[in-house]
Amino acid sequence: MSETTEGSANAEARGNGAARPGVQAIDRAVAILQCFSPRRPEMGISDIARSTGLSTSTAHRILASMQANGLVRQTVQRRYALGPLLVQLARSGAFPTTLRDAALGAMRELRALVDETVGLHELLPGNQRAVIDQVESHHALRRTYTELGVPIPLVYGAPGKAMLAFLPRAQAEELLAGPIEAVTPTTVTDPAELRIELDAVRQRGYALSFSERTPGIRTVSAPVFDHEPGVVGSISVSAPESRMPEDRMYELGPEVVRTAGEISEVLGCARP
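The opening position of the sequence shown corresponds to residue 1 in the numbering used here, with each subsequent residue numbered one higher.
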């Protein structure tokens, strides 16, 4: 972006009341930070200006302020890299480092909202999943996970389908290629039917299970992503069929997606 174009864009934003100087400076600083990656741990000012669309003089001014605050540093080659403040924050323990640590608070909030059992499921090597924690409903008749840590194929149940839908397509197809045995009378065993379901999961953001893995239990689940971003697990709400008619499942879906999004943010996944 040239000085003239940049100035025009700034004037237009000011006319819309959206480019207050402080806010604009933060937006530009964030854009600069997003330039750095494992492939580009160090960058020259011209590269930064080109990547952000800022003029060289504007980039230089913002970088000077960021360097003074520890957000970037200069190398001996006078290139820029991420600064010591970011390293300090990352290593201070302020950020949860495990899926369980990131999810527990949000799980309790979701249970308080719906008063059904909330489960946390982790993607395992070999494209299986395991239940790693739960916050149980207060109802006398409730879903209680007893198989914590036990590997479960992704093709079974809403938590697995929520992950399966967001795996790379080639990995998902490998899992759909093998025979799928029925573990309950309603287990989906037809790969073509599962593909249709996975397309629906991608569109609405959550998966449903109508007693497909555990008899008498219906579940709504949404995927959790990390900073890569890649799917690393899922969050679920489960209840006995008597308290989980189909219309309630669709009502709960957006709340489960919202909770999964909060957990994903804690793990470093930026929301769309």
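We treat Cβ as the ideally placed atom computed from N, Cα and C, and that holds for glycine.
Model, not experiment: these values are computed from the prediction.
Contact under 9 Å by Cβ, residue i with residue j
i	j	result
residue 136	residue 111	yes
residue 231	residue 96	no
residue 217	residue 241	yes
residue 134	residue 157	no
Pairwise C-alpha distance: residue j and residue i
i	j	result
residue 255	residue 162	15 Å
residue 101	residue 128	21 Å
residue 124	residue 55	46 Å
residue 91	residue 98	14 Å
residue 202	residue 173	15 Å
residue 186	residue 210	7 Å
residue 252	residue 33	37 Å
residue 4	residue 53	Unreliable placement is indicated for residue 4, whose pLDDT of 38 sits below 50; the coordinate value is still reported in the next sentence. So the alpha carbons of these two residues sit roughly 12 Å apart.
residue 130	residue 117	16 Å
residue 259	residue 208	16 Å
residue 84	residue 103	28 Å
Where the beta strand (DSSP E) through residue i begins and ends
i	result
residue 119	117-124
residue 288	This structure cannot settle anything about residue 288, because the visible part of the chain is limited to 1 through 272.
residue 240	231-240
residue 208	207-210
residue 131	128-135
Run of the alpha helix (DSSP H) containing residue i, from where it starts to where it stops
i	result
residue 191	191-204
residue 34	First-last for residue 34: undefined, no H or E at that position.
residue 250	246-266
Spatially closest choice to residue i from the options, by CA coordinates
i	options	result
residue 45	114, 39, 58, 185	58
residue 196	182, 183, 66, 176	176
residue 268	64, 259, 227, 199	227
residue 26	71, 36, 37	71
residue 198	40, 183, 224, 166	166
residue 145	219, 109, 168, 23	219
residue 153	65, 192, 126	126
residue 121	75, 69, 107, 66	107
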